[in-house]
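Numbering (the UniProt record's numbering), first residue to last: 1 to 464.
Note that the Cβ used here is the ideal one computed from N, Cα and C, for glycine as well.
In what follows, a structure is listed as structure tokens, so that the remarks can point back to it.
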Ligand code: GDP
């Protein structure tokens, strides 16, 4: 067995190919979390030292582990990418939040679709985002184990399982799979069962899987690995020792450290003591890395949330970064190491990335508040498509000032705040009543659009 210990964070790898970053998207309850759990669980049960490394916000599955999980489907010698890094937070919300240099942070995505349930609103939303960001993806047609008459064969590739089923079971599954392939085609994507796809460039492979039994998980890993190796290798070539670049997943208070950043690093290296520039609510924040933290290996944990300190972290990885002055840092914002470059240049780059999200505003319209830059952008796009004008759009919780802004919009239908995944500050709650401003707060974008449209219709009926 080749050396499976790819602890690239501890001992810096001199190579120049980084791990592709994978995101998992799909409609609620279609099995995103279960699939991630299964991938992690299967990797752990391979039982090798370093089978997986738990990062902050991400799980690294090294090539050797992918290879032993996927058997004949992935021969480690055919690959030189180090493995796959799965972002732990599933969902298109987190996907659109996670940007890098104006594009998606994830290099590749898995769109999970329940075989019985087919396309649902969030499937469509996810497809829109994947199309807009030009992210290559595979479809995991999940829950094949629920097909009547299907006999799970968890340890063999799903293609073999498929061939071994009774005609009846295969036919039943086929009907559902072809429905999904048809829906993908209606959405403008050419797709087929993955073993029939010759060229994955522009053609979507559909992999039947079960997050419950594990069927198809080896196939899925093989397709992801193959896609990355064949079509994305150039993009994975980076200067691993260069100044680190990353995206903030979350800003979190951590005992003993104050505000910290959970970051996915997609380029270069971050070292303790590095000066960094981070996107903040009021603009770029310049600070210095006090500590780089990662969860301790499961076997070493005595209490929940124990961290180990690292001197240095290399892309691609997830890491918690402790530094002063991070209270105003924004989820979804860029983080850049200054090392070897003029500070002003780095500040300018961060400013440029922050201003990429330009929302078209109108004289009258709704006020939009969202938790991250990425979600604000996704909201703005959805509202634009629904032809709902925006007066103002900002990242942050709902404050009294937002209510005041919303109430200056003259028409009743625009005296509205649409909040996406944000809190309402206590003072703002009171103002909402006083100023007769309606608030819709939700963590599903299409729901917000629907709520608003219903509200407008109601108002119009009242006026007639
Ligand atoms: P998410 O909302 O997309 O993250 O979906 P979850 O992973 O939470 O799964 C939703 C429900 O579907 C849970 O009750 C899971 O146990 C179930 N589920 C997920 N994957 C499978 C599968 O492959 N087979 C079956 N039978 N159930 C599944």
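Using the Cα positions of residue 344 and residue 286, report the straight-line distance between them to the nearest angstrom.
Approximately 10 Å, taken between the alpha carbons.
Which word fits residue 165, buried or exposed, when buried means at least 16 other C-beta atoms lie within 10 angstroms of its C-beta?
Looking at its Cβ environment, which holds 16 or more other Cβ atoms inside 10 Å, residue 165 is buried.
Between the region 358-369 and the region 330-340, are three or more C-beta pairs nearer than 8 Å?
Cβ pair count under 8 Å is below three, so no.
In chain order, what residues of the same chain have a beta carbon less than 7 Å from the beta carbon of residue 462, not counting five sequence neighbours either side?
If we look at residue 462 and ignore the five residues flanking it on each side, it has no Cβ neighbours.
Apply the 10 Å Cβ neighbour rule to residue 413 and answer buried if 16 or more other Cβ atoms are within range, or exposed otherwise.
Label assigned to residue 413: buried.
Check whether the Cβ of residue 112 sits closer than 7 Å to any heavy atom of the ligand GDP, and report yes or no.
Residue 112: yes, Cβ under 7 Å from the ligand GDP.
Under 8 Å between the Cβ atoms of residue 483 and residue 397?
Shown here, the chain extends from 1 to 464; a query on residue 483 therefore has no answer.
Does the Cβ of residue 255 have 16 or more other Cβ atoms within 10 Å, making it buried, or fewer, making it exposed?
Flag for residue 255 reads exposed.
Please go through the same chain and pick out, in chain order, the residues whose beta-carbon is closer than 6 Å to the beta-carbon of residue 155, but skip the five residues on each side of it.
Here the set comprises nothing.
Could you give the DSSP three-state label for residue 200: helix, strand or coil?
Coil, per DSSP.
Span of the alpha helix (DSSP H) holding residue 453?
Start and end: 445-463.
Just list the beta strand (DSSP E) runs in the region 155-193, keeping only unbroken ones of 3 residues or longer that don't cross its boundaries, in chain order.
Runs of the beta strand (DSSP E) inside the region 155-193: 190-193.
Answer yes or no: the CB of residue 258 versus the heavy atoms of the ligand GDP, is any distance below 7 Å?
No, the beta carbon of residue 258 sits no closer than 7 Å to any heavy atom of the ligand GDP.
Taking 7 Å as the cut-off, is the beta-carbon of residue 19 closer than that to any non-hydrogen atom of the ligand GDP?
No, the beta carbon of residue 19 sits no closer than 7 Å to any heavy atom of the ligand GDP.
By the 10 Å Cβ neighbour count, where 16 or more other Cβ atoms means buried, how is residue 458 classified, buried or exposed?
Classification of residue 458: exposed, given that the 10 Å Cβ count is below 16.
Drop a sphere of 10 angstroms on the beta-carbon of residue 59, count the other beta-carbons inside from all chains shown, and report buried for 16 or more, exposed for fewer.
Buried, because 16 or more other Cβ atoms sit within 10 Å of the Cβ of residue 59.
Any heavy atom of the ligand GDP closer than 7 Å to the CB of residue 153?
Result no, Cβ not under 7 Å from the ligand GDP.
Three Cβ pairs or more, each shorter than 8 Å: is that satisfied between the region 127-136 and the region 144-158?
Touching, no.
Can you tell me whether residue 107 is helix, strand or coil according to DSSP?
Residue 107: coil per DSSP, three-state reduction.
Should residue 277 be labelled buried (16 or more other beta-carbon atoms within 10 Å of its own) or exposed?
So residue 277 ends up on the buried side.
Indicate whether the contact test is met: 3 or more Cβ pairs, each with one atom in the region 171-187 and one in the region 86-105, closer than 8 Å.
Not touching, per the Cβ criterion.
Looking only at its own chain, which residues have a Cβ that is under 7 Å from the Cβ of residue 438, when we skip the five neighbours before and after it?
So the qualifying residues of the chain are 415, 416 and 455.
Assess, as a yes-or-no matter, whether the region 137-155 is touched by the region 207-214 under the definition of 3 or more beta carbon pairs within less than 8 Å.
In short, these stretches touch, since the Cβ pair count reaches three.
So, using beta-carbon positions, are residue 316 and residue 372 closer together than 8 Å?
Result no, Cβ atoms of residue 316 and residue 372 do not sit closer than 8 Å.
Taking contact to mean at least 3 C-beta pairs separated by less than 8 Å, is the region 24-37 in contact with the region 236-243?
Because the criterion of three Cβ pairs below 8 Å is not met, the region 24-37 and the region 236-243 do not touch.
Determine the closest residue to residue 435 out of 407, 460 and 147, with distance taken between C-alpha atoms.
Looking at the Cα atoms, 407 is the closest of the given residues.
Nearest-angstrom Cα distance between residue 61 and residue 429?
So the alpha carbons of these two residues sit roughly 45 Å apart.
Please go through the same chain and pick out, in chain order, the residues whose beta-carbon is closer than 7 Å to the beta-carbon of residue 170, but skip the five residues on each side of it.
Taken in chain order, the residues that qualify are 162.
Nearest CA to the CA of residue 288: which residue from 294, 296, 282 and 271?
That would be 271, whose Cα lies nearest to the Cα of residue 288.
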